[in-house]
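Protein chains in written order, with my numbering: chain A, 253 to 415; chain B, 253 to 415; chain C, 253 to 415; chain D, 253 to 415; chain E, 253 to 415; chain F, 253 to 415.
There are 6 protein chains.
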Amino acid sequence: MTKIAIYPGSFDPVTYGHLDIVKRALKIFDRVIVAVAHNAEKEPLFDVPERVELLRRSLKGLKRVEVDDFEGLIVKYVKRKKTNVVIRGLRMISDFEYEFQMALTNRKLSSSVETIFMMPSESYSYLSSKLIKEAAFLGANLKAFVPPFVEKAVKFALQRSKT
Amino acid sequence: MTKIAIYPGSFDPVTYGHLDIVKRALKIFDRVIVAVAHNAEKEPLFDVPERVELLRRSLKGLKRVEVDDFEGLIVKYVKRKKTNVVIRGLRMISDFEYEFQMALTNRKLSSSVETIFMMPSESYSYLSSKLIKEAAFLGANLKAFVPPFVEKAVKFALQRSKT
Amino acid sequence: MTKIAIYPGSFDPVTYGHLDIVKRALKIFDRVIVAVAHNAEKEPLFDVPERVELLRRSLKGLKRVEVDDFEGLIVKYVKRKKTNVVIRGLRMISDFEYEFQMALTNRKLSSSVETIFMMPSESYSYLSSKLIKEAAFLGANLKAFVPPFVEKAVKFALQRSKT
Amino acid sequence: MTKIAIYPGSFDPVTYGHLDIVKRALKIFDRVIVAVAHNAEKEPLFDVPERVELLRRSLKGLKRVEVDDFEGLIVKYVKRKKTNVVIRGLRMISDFEYEFQMALTNRKLSSSVETIFMMPSESYSYLSSKLIKEAAFLGANLKAFVPPFVEKAVKFALQRSKT
Amino acid sequence: MTKIAIYPGSFDPVTYGHLDIVKRALKIFDRVIVAVAHNAEKEPLFDVPERVELLRRSLKGLKRVEVDDFEGLIVKYVKRKKTNVVIRGLRMISDFEYEFQMALTNRKLSSSVETIFMMPSESYSYLSSKLIKEAAFLGANLKAFVPPFVEKAVKFALQRSKT
Amino acid sequence: MTKIAIYPGSFDPVTYGHLDIVKRALKIFDRVIVAVAHNAEKEPLFDVPERVELLRRSLKGLKRVEVDDFEGLIVKYVKRKKTNVVIRGLRMISDFEYEFQMALTNRKLSSSVETIFMMPSESYSYLSSKLIKEAAFLGANLKAFVPPFVEKAVKFALQRSKT
């Protein structure tokens, strides 16, 4: 039976840390769906179609991966996709706690869905989309953190948001 | 001598975790005052009278409990109530740190007031008002987290805030 | 293709928390091998064959599960079993850190092996074999923590170790 | 009704941090029983009667405090004393986790007993009996950490344990 | 060779905790530059010139200290100042994680810059500019947290921000 | 004035993580003394002269570094060396807490000595001498963790300790 794992997130924008998790997940699962959440409350740098597009370009050439977006509860999306596995990357303690809260809440909402946690390479253990955006805002070179076309898109989007 | 404990918080809205702490506190103290803070900075879902009302309905039937609200420093409120005990629930690490900072700050502001920490049931160790509001916003069923009339009020308030 | 996951540990003795993780793993993987480590340094309450036996009885009736034991590095055992997935339960922060260190060390030793982390039910989030042994030593009833025949075995082994 | 709180621990030896917690507890409870645990597994510096004696001297002059020792489960001792409150000092994160595990385990063993956590003064937030013994072993002056007669006793006991 | 350390931050406003770190840094380095960051995203209570002014008054009389402000990346500022040491105070766990993320990000941006961490006195281990502003907003006396003229400035600024 | 920093530890054995910290410290200080502690309580794999020797070989070619050993309190050793700076590497949370406790205890013992914390490269953020010894005991290849001659020495010492 084909085993599908859902990797949900904001991906605003995708980083090398996210890509590392996707590659690790592909070693275990037959297919991985990277699912961009419509998250009404935050002020994203990129809108959902842009984030999906950046993910697609970043994952180009990787077979068995699909990029999608979803609205509403992740547990409902997981069921629509006829699977029961959610993947989350765990980097640091704060992650750990928030992720556990989310996973336990999801479990109450649907007992069939399981969240599993994977560790990115230690080279990316400190990376976060938020820090990257802050660094870019201050004029940093992002080449150690994101693919070149993502860096370009971030700088363009920061210009756009200023005007 | 009657021993009174103050249980302050935002309670936006009250959850089963809060109710669990109140019941545990009643095993130790003669009276518990649940005190809703007027907190000018946040964007609450419910205003203070609504939060007080939801707490009152949730605690109906429990003797020796009172629901109140307060403005300003908790240490001053505690003294006005002629007691010296503040109760806080401790769920997770992030709680732990913030709560300790608050408790130490309060101690500097009034050395007579003591903060004690109590643990909710492990069934509620992951619950937070914030997560519940997020889940409700995404269409989740809240019956595992809050009393039925609180769920109804949350859904109504989310509608209200959209319009 | 049959997907096999290895769940290694000391299991001295198995607890309801371990059993919960096995059941969750079976929702994701085709087969789960629970693998008792020969760990030369600790002073176990049970020897390896006893721990294997208690696990077997606890998991009786669960199809697709196998109990085994191994010596040496877990990454080598995983390869001998022709798989690449190690499961670890994550309960608390201290777990988190030690587990991450282990997982990163294992990754350096074999880049093909991935460790994934799963959360037990919050009812078992505080359980540890060590605490259970301490409680048993002090005369506690273990029925909330382990199956009845494990409780009996623990009490017998504690008697044995005293003489 | 007289409200009694039990403050259990190893107290090997008592530190200024422990004494600080006792004084804070006396602001809330009518009586505090400091209870030295017979803990078979550790290698204590002082035996139980010595630890009781050092506590008694340290707490001399404080009314409403009693020093005692107990064997077996703390929850059973608490019931024998006809109360339901256990006090634990919380200093740091590692404390936090271990204490929570203990408290949750005790709760399973007796649902009537509640553990409450109190914070020592930030001046003592880093103190531990273990660190003090290590420092004394290396020749440190302990006057910032323990009462003078405890320092004397520690140095004497370290001499004794060398021979 | 003169060894210069940069101590960057928001300092909105300076607290006794910050001053403690500066004094400790002066025991190690020949000169310390306290550098107020222009941080576009936050809503500060004080603008940068005000924060610089409060720092200057607080540090009056201390030789070998300079107060400055900077825009853009800290690593670039550090190089402009012809040094390679950044100092950060570490108070609590949440600090620890955020600081480590920042330090690792800065290291990727410039491998020559080293961040070192120093601990404030345990008396200030809980202090944060944010908590102090919250307490002031609720009417607290700040004398345990900041110099008198900073307290005055905070109260004035809070009045100003209300109107 | 020559600025000397002391980097104390067990170094049982030295790892690439320790060497990374030494190199970073040399960017800030004029001289670094790596100081092996005589630590009576632990069961080391190597005795102090062996650990000193392995450090010396590992640091060969690095100018401005000295390897030494010391007995008793680190604060006294620091003073004998006529300096006031202790360096400690910070890897993970458990480190963080233990290190802070140590640093605060040392501060009480000598207010002139300052401990500063430095971060190893994220590539070594998970490394510990203890984990390395465990891995070696189980037959692991240590080339990612320690220099080749340290690996050889570890394997030899493990053989030795078995007989």
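Every residue gets a Cβ at the ideal spot worked out from N, C-alpha and C, and that includes glycine. Here the structure is a predicted model, which is why all the values come from computation and not from measurement.
Closer than 8 Å by C-beta to residue i: which residues in its own chain qualify, once you throw out the five before and the five after it? Chain order, please.
i: residue 405 of chain F; result: 265, 298, 302 and 306
i: residue 384 of chain D; result: 265, 267, 394, 397, 398 and 406
i: residue 388 of chain F; result: 394, 403, 406, 407 and 410
i: residue 274 of chain B; result: 259, 284, 286, 311, 314 and 317
i: residue 349 of chain A; result: none
i: residue 278 of chain E; result: 284, 314, 316 and 317
With residue i as the anchor, note down where its beta strand (DSSP E) starts and where it stops.
i: residue 256 of chain E; result: 256 to 261
i: residue 318 of chain D; result: 317 to 322
i: residue 339 of chain A; result: 337 to 341
i: residue 365 of chain F; result: No beta strand (DSSP E) contains residue 365 of chain F, which DSSP labels as neither H nor E.
i: residue 289 of chain F; result: 283 to 289
Thinking residue i and residue j are a contact (beta carbons under 8 Å), I'd like their distance in whole angstroms, please.
i: residue 355 of chain C; j: residue 371 of chain A; result: 6 Å
i: residue 333 of chain A; j: residue 256 of chain A; result: 6 Å
i: residue 258 of chain B; j: residue 338 of chain B; result: 5 Å
i: residue 352 of chain A; j: residue 369 of chain C; result: Going by Cβ atoms, the distance from residue 352 of chain A to residue 369 of chain C rounds to 10 Å, so no, they are not a contact pair.
i: residue 343 of chain F; j: residue 366 of chain E; result: With a Cβ gap of about 16 Å, residue 343 of chain F and residue 366 of chain E do not count as contacting.
Counting only the same chain and skipping the five closest in sequence on each side, list residues whose C-beta sits under 6 Å from that of residue i.
i: residue 326 of chain A; result: 260
i: residue 269 of chain C; result: 372, 376 and 379
i: residue 308 of chain D; result: 319
i: residue 403 of chain B; result: 394
i: residue 335 of chain D; result: 256
Just reading off the alpha helix (DSSP H) that residue i is part of, what are its end residues?
i: residue 327 of chain E; result: 326 to 332
i: residue 302 of chain E; result: 300 to 311
i: residue 406 of chain E; result: 400 to 414
i: residue 389 of chain E; result: 381 to 389
i: residue 273 of chain F; result: 268 to 278
Beta-carbon within less than 7 Å of residue i's beta-carbon, same chain only, minus the 5 sequence neighbours each way: which residues are those?
i: residue 272 of chain E; result: 372, 373 and 376
i: residue 300 of chain B; result: 288, 290 and 321
i: residue 323 of chain B; result: 290
i: residue 304 of chain F; result: 288, 319 and 321
i: residue 340 of chain C; result: 351, 367 and 369
i: residue 330 of chain F; result: 258, 336, 338 and 365
i: residue 414 of chain D; result: none
Evaluate residue i with the Cβ neighbour count: other Cβ atoms within 10 Å of its Cβ, from every protein chain shown; 16 or more gives buried, anything less gives exposed.
i: residue 364 of chain A; result: exposed
i: residue 263 of chain C; result: buried
i: residue 313 of chain D; result: exposed
i: residue 412 of chain F; result: exposed
i: residue 401 of chain E; result: exposed
i: residue 295 of chain B; result: exposed
Next on the checklist: So, does the stretch 362 to 380 of chain F touch the stretch 406 to 413 of chain D, judging by three or more C-beta pairs under 8 Å?
Outcome noted: no
Checklist entry - Should the stretch 350 to 361 of chain B be regarded as contacting the stretch 391 to 403 of chain E, the criterion being three or more beta carbon pairs within less than 8 Å? => result yes
Next on the checklist: Measuring CB atoms only, is the stretch 310 to 326 of chain F touching the stretch 279 to 296 of chain F, in the sense that at least three cross pairs come out at less than 8 Å?
Outcome noted: yes
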